[in-house]
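Single-structure report; data block below.
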Amino acid sequence: MTAPFLWKKVAGFSPLDRELARVIGEGDPVLEATVARLSEALRTGHSCLPLAALAAQTLFDEASAPVFQFPGHAELADKLRGSAAVSLVDAINPEPREFRPVVFDGTRLYLRRYFDQELGIARSIARLARAGALAVSPELEERLSSYFLPSSGRSDRQKDAVARSLRLRVSLITGGPGTGKTTTVVKVLALAIERALESGRELQIGLLAPTGKASERLLQATRGAAERLDLSNEVRARLPQESKTIHRALGVIPGVKTRFRHTQQDPLPFDLLVVDEASMIDLPLMNRLMDAIRPDAQLLLLGDADQLASVDAGSVLSELALAADSLGDQDSFSFGISRLTESYRFSGASEIMELATGFRLGQREPIEGALKGSGGQVVLFEASELRVPRQSPEFRRWLEARVRESLEVGDVEEALAKLNQFQVLCALRSGPWGAQGVNDWVRSLAQGILRTRVEGVNYPGRRIMVVENEPRVGLYNGDVGVLWSSARGVLEAHFPGEAGRKRTFSLAELPAHEDAFAVTIHKSQGSEYDEVAFVVPPDAASALLTRELLYTGVTRARSRVKLLASLPVLFEAASRRVERYSGLADKIVQSSRSSSSTP
102 MTAPFLWKKV
112 AGFSPLDREL
122 ARVIGEGDPV
132 LEATVARLSE
142 ALRTGHSCLP
152 LAALAAQTLF
162 DEASAPVFQF
172 PGHAELADKL
182 RGSAAVSLVD
192 AINPEPREFR
202 PVVFDGTRLY
212 LRRYFDQELG
222 IARSIARLAR
232 AGALAVSPEL
242 EERLSSYFLP
252 SSGRSDRQKD
262 AVARSLRLRV
272 SLITGGPGTG
282 KTTTVVKVLA
292 LAIERALESG
302 RELQIGLLAP
312 TGKASERLLQ
322 ATRGAAERLD
332 LSNEVRARLP
342 QESKTIHRAL
352 GVIPGVKTRF
362 RHTQQDPLPF
372 DLLVVDEASM
382 IDLPLMNRLM
392 DAIRPDAQLL
402 LLGDADQLAS
412 VDAGSVLSEL
422 ALAADSLGDQ
432 DSFSFGISRL
442 TESYRFSGAS
452 EIMELATGFR
462 LGQREPIEGA
472 LKGSGGQVVL
482 FEASELRVPR
492 QSPEFRRWLE
502 ARVRESLEVG
512 DVEEALAKLN
522 QFQVLCALRS
532 GPWGAQGVND
542 WVRSLAQGIL
552 RTRVEGVNYP
562 GRRIMVVENE
572 PRVGLYNGDV
582 GVLWSSARGV
592 LEAHFPGEAG
602 RKRTFSLAEL
612 PAHEDAFAVT
622 IHKSQGSEYD
632 EVAFVVPPDA
642 ASALLTRELL
652 YTGVTRARSR
662 VKLLASLPVL
672 FEAASRRVER
682 YSGLADKIVQ
692 SSRSSSSTP
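One rule links them: number in the working numbering = place in the sequence shown (from 1) + 101.
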């Protein structure tokens, strides 16, 4: 039996979903259920909800009994158009005329702030792109060609990416691990510096990434790529010498974490802005970043569109790529994408690359081939019969050895070096198969190895990850460090700094943080390790297990992967794709048409 008033018995709605429905729904059961479903969608990473995902759909209670059915498409659309809580927009009038909590564009439903964020990003891209393509002199083209001599062995895709990114105002470079994104970017930077010098200007370049670890890696990779290139001293001296997190660059206002110093009224100072790990950037942060870029600046976004999308709402990189594909190269709208596909990190026979390819494409044969390989790069610890990870003798031996390595190093510098050598990655956050459960296990192992009682959560050698931004001390979400005893026997927190120097803090100075011997896949994005142990729960039905999650986890490894998993679960997860509802790509395309028609 279904009836309008029974929507409140639907399973899966959170207290927030129900409260929003009550406040916005005007006492109308259909509108209330619509708002509840919209709120639920936003909680799970979507930025909107297509009307087609609601119309005529049946909702169920905890016992899987049908309790509510939405009306058909036309009737539901009419009800939304007649609601005082809903603003209506279309291609002619893309901005809501009045402030109402819900926005309906004829095909998608939004909460107002998510609609505004998508529209803000689209308009910011249009603002940059309508400035027109940048000129490339014959001398600069000749210099570009010199980076790609036939003997270099680099593909034409990299050369095309450099040429396109040098010219375009907004450019995307996407590709998997080791495809040369950073090398390509350094060539773009070198040529952009030469172009500025030709006109007697100094180019202000910014390097940004979503997390501290990703920012650090971007700077190191940029320096490494620059060392391999034949650059003049004049150009080399002008390459950026620091990289920042997006939050740090925007200038977090202390005590007001959602506001930043740099906005359209006080933009960032950069002529050319490079942003790495763009797949990690959620909709609100991308909107803030785009709003703070000067209208005459150039933006270059790097990322792997096959990785997990951001934790919070949006799939920004994928939507930008979709928009770029739809628009193609246009003289009037300087926005485009380059895809790098050939990996130089792994050899053609790499088991890790074969496994990553199988996960990315959802194909069983490459997955099986990697697991059967003789190179030892990929090892499966079979978990089909396990209730908890501790029941795996192979994984237990591996983990005990790595914990011992971390605790028995000679000094804090060696302990910091271990941070990039191995890492446990988990598909889940909580429970025995999650990062928290593994970290609890690590703490008990540490107690036995140290032969002392571990008081509370702190002990020498404990790995920690900062989970909130604290600009006053210079620590940001995602920064990873280690606790170590000082000469006075006092525990201190140490984090990697620039040029191999460490940064030291008292425990009282630390912002909120958590154990980091094991971290979730989401938390690992932007990082790389020599060896990765990937803990996958034996629950094939878990919606969290997707090909994007598996691909992201495996591609964190440079040399070795240990999988604590069930093979059937891996196959099932690789067949499941993440789909996020969004209207960002459509808004970018629409903004391009609006800008191109502007006199």
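Cβ atoms here follow ideal geometry from the backbone N, Cα and C, with glycine treated the same way.
These numbers come from a predicted model, not from an experiment.
Problem set entry | Tyr211, DSSP secondary structure in three states | strand
For this session: Using three-state DSSP, classify Glu378 as helix, strand or coil.
Result: In the three-state reduction of the DSSP assignment, Glu378 falls in the coil class, being assigned neither a helical nor a strand state.
Problem set entry | For Lys473, the three-state DSSP class (helix, strand or coil) | Lys473 sits in coil when the DSSP states are folded into three classes, being neither helix nor strand.
Exercise. Bridge partners of Gly535, per DSSP?
Worked result: Leu529
For this session: Can you give me the start and stop residues for the alpha helix (DSSP H) that Gly404 sits inside?
Result: Note, Gly404: premise wrong, no alpha helix (DSSP H); beta strand (DSSP E) at Gln399 to Gly404.
For this session: Could you tell me if Val489 is buried or exposed, where buried requires 16 or more neighbouring beta carbons within 10 angstroms of its beta carbon?
Result: With fewer than 16 Cβ atoms within 10 Å of its Cβ, Val489 is classed as exposed.
Exercise. Which one or two residues does DSSP pair with His595 in a beta bridge?
Worked result: Val583 and Thr605
Problem set entry | Range of the contiguous alpha helix (DSSP H) that encloses Ile565 | Careful: Ile565 lies outside any alpha helix (DSSP H), inside the beta strand (DSSP E) at Arg564 to Val567.
For this session: Tell me, to the nearest whole angstrom, how far the beta carbon of Thr565 is from that of His614; I am working on the premise that it is less than 8 Å.
Result: According to the sequence provided, residue 565 is Ile. The question's Thr does not apply to it. Right, the Cβ-Cβ distance comes to about 5 Å (below 8 Å), so this counts as a contact.
For this session: Please indicate yes or no: does the CB of Lys260 lie closer than 7 Å to some heavy atom of the ligand MN?
Result: The ligand MN is not among the ligands present in this structure, which contains no ligands whatsoever.
Problem set entry | Backbone secondary structure at Gln492 - three-state DSSP | If DSSP states are grouped into helix, strand and coil, Gln492 belongs with the helices.
Exercise. Are three or more beta carbon pairs between the stretch 260-272 and the stretch 232-247 nearer than 8 Å?
Worked result: yes
Problem set entry | Proximity of Ala398 and Asp377 at Cβ, strictly below 8 Å | Taking 8 Å as the cut-off, the Cβ atoms of Ala398 and Asp377 do not count as close.
Exercise. Can you tell me the Cα-Cα spacing of Thr312 and Asn578, whole angstroms?
Worked result: Between the alpha carbons of Thr312 and Asn578 lies a gap of roughly 6 Å.
Exercise. Exposed or buried, which one is Leu117 when buried takes at least 16 other CB atoms within 10 Å?
Worked result: exposed
For this session: Round the Cβ separation of Leu309 and Lys345 to the nearest angstrom and send it over; I've been treating them as touching at under 8 Å.
Result: 6 Å
For this session: Please go through the stretch 626-674 and give each complete alpha helix (DSSP H) segment of 4 or more residues, from N-terminal end onward.
Result: 648-655
Exercise. Thinking just about the alpha-carbon of each residue, which of Val655, Glu452, Glu242 and Val124 is nearest to the one in Glu466?
Worked result: Looking at Val655, Glu452, Glu242 and Val124, the one whose alpha-carbon comes closest to that of Glu466 is Glu452.
Problem set entry | Alpha-carbon spacing of Gln305 relative to Ser531, whole angstroms | 44 Å
Exercise. With distances taken between CB atoms, is the gap from Val62 to Phe635 smaller than 8 Å?
Worked result: Nothing can be reported for residue 62, as the shown portion of the chain is limited to 102 through 700.
Exercise. Per DSSP, what kind of secondary structure is Gln218 in: helix, strand or coil?
Worked result: helix
For this session: Quick one: using the 10 Å Cβ neighbour count with 16 as the cut-off for buried, is Ile394 buried or exposed?
Result: buried
Exercise. For Ile354, is the classification buried or exposed, using 16 other Cβ atoms within 10 angstroms of its Cβ as the cut-off for buried?
Worked result: By the 10 Å Cβ count, Ile354 comes out exposed.
Exercise. Going by beta carbon distance, what residues of the same chain come within less than 6 Å of Ala619, once the five residues before and after it are set aside?
Worked result: Val525, Cys527, Ala536, Val539 and Asn540
Exercise. How about Leu481 and Leu668: do their beta carbons lie closer than 8 Å?
Worked result: yes
Problem set entry | Arg678 in three-state terms, based on DSSP | coil
For this session: Express the C-alpha separation of Leu608 and Val568 in angstroms, rounding to a whole number.
Result: 15 Å
For this session: Pair every Cβ in the stretch 677-694 with every Cβ in the stretch 138-156, then say whether three or more of these pairs are closer than 8 Å.
Result: yes
Exercise. In the structure shown, what three-state DSSP assignment does Ser252 receive?
Worked result: Annotation note: pLDDT 49 at Ser252 (below 50); position unreliable, no value reported.
For this session: Figure out for me which residue from Ala154, Glu610, Trp542 and Ser507 has the closest Cα to the Cα of Pro561.
Result: Ser507
For this session: Starting from the C-beta of Gln408, find all residues in its chain whose C-beta is less than 7 Å away, skip the five residues before and the five after it, and write them out in chain order.
Result: Excluding sequence neighbours, Gln408 sits near Ser380, Gln626, Glu649, Tyr652 and Thr653.
Problem set entry | Rounded distance between the beta-carbons of Leu155 and Thr135, thought under 8 Å | 6 Å
For this session: Please determine, among Ala686, Thr145, Val111 and Gln259, the residue with the shortest C-alpha to C-alpha distance to Ala414.
Result: Closest option to Ala414, Cα to Cα, is Thr145.
Exercise. Going along the chain, which residues of its own chain have a beta-carbon closer than 8 Å to the beta-carbon of Leu177, five neighbours each way excluded?
Worked result: Excluding five sequence positions before and after Leu177, the CB atoms of its chain that fall closer than 8 Å to its own CB belong to Val131, Thr135, Leu152, Leu155, Ala156 and Phe171, given in chain order.
Exercise. Is it right to say Ala406 is buried, meaning 16 or more other beta carbons lie within 10 angstroms of its own, or is it exposed?
Worked result: buried
Exercise. Taking just the CA atoms, how far does Leu351 sit from Ala588?
Worked result: 38 Å
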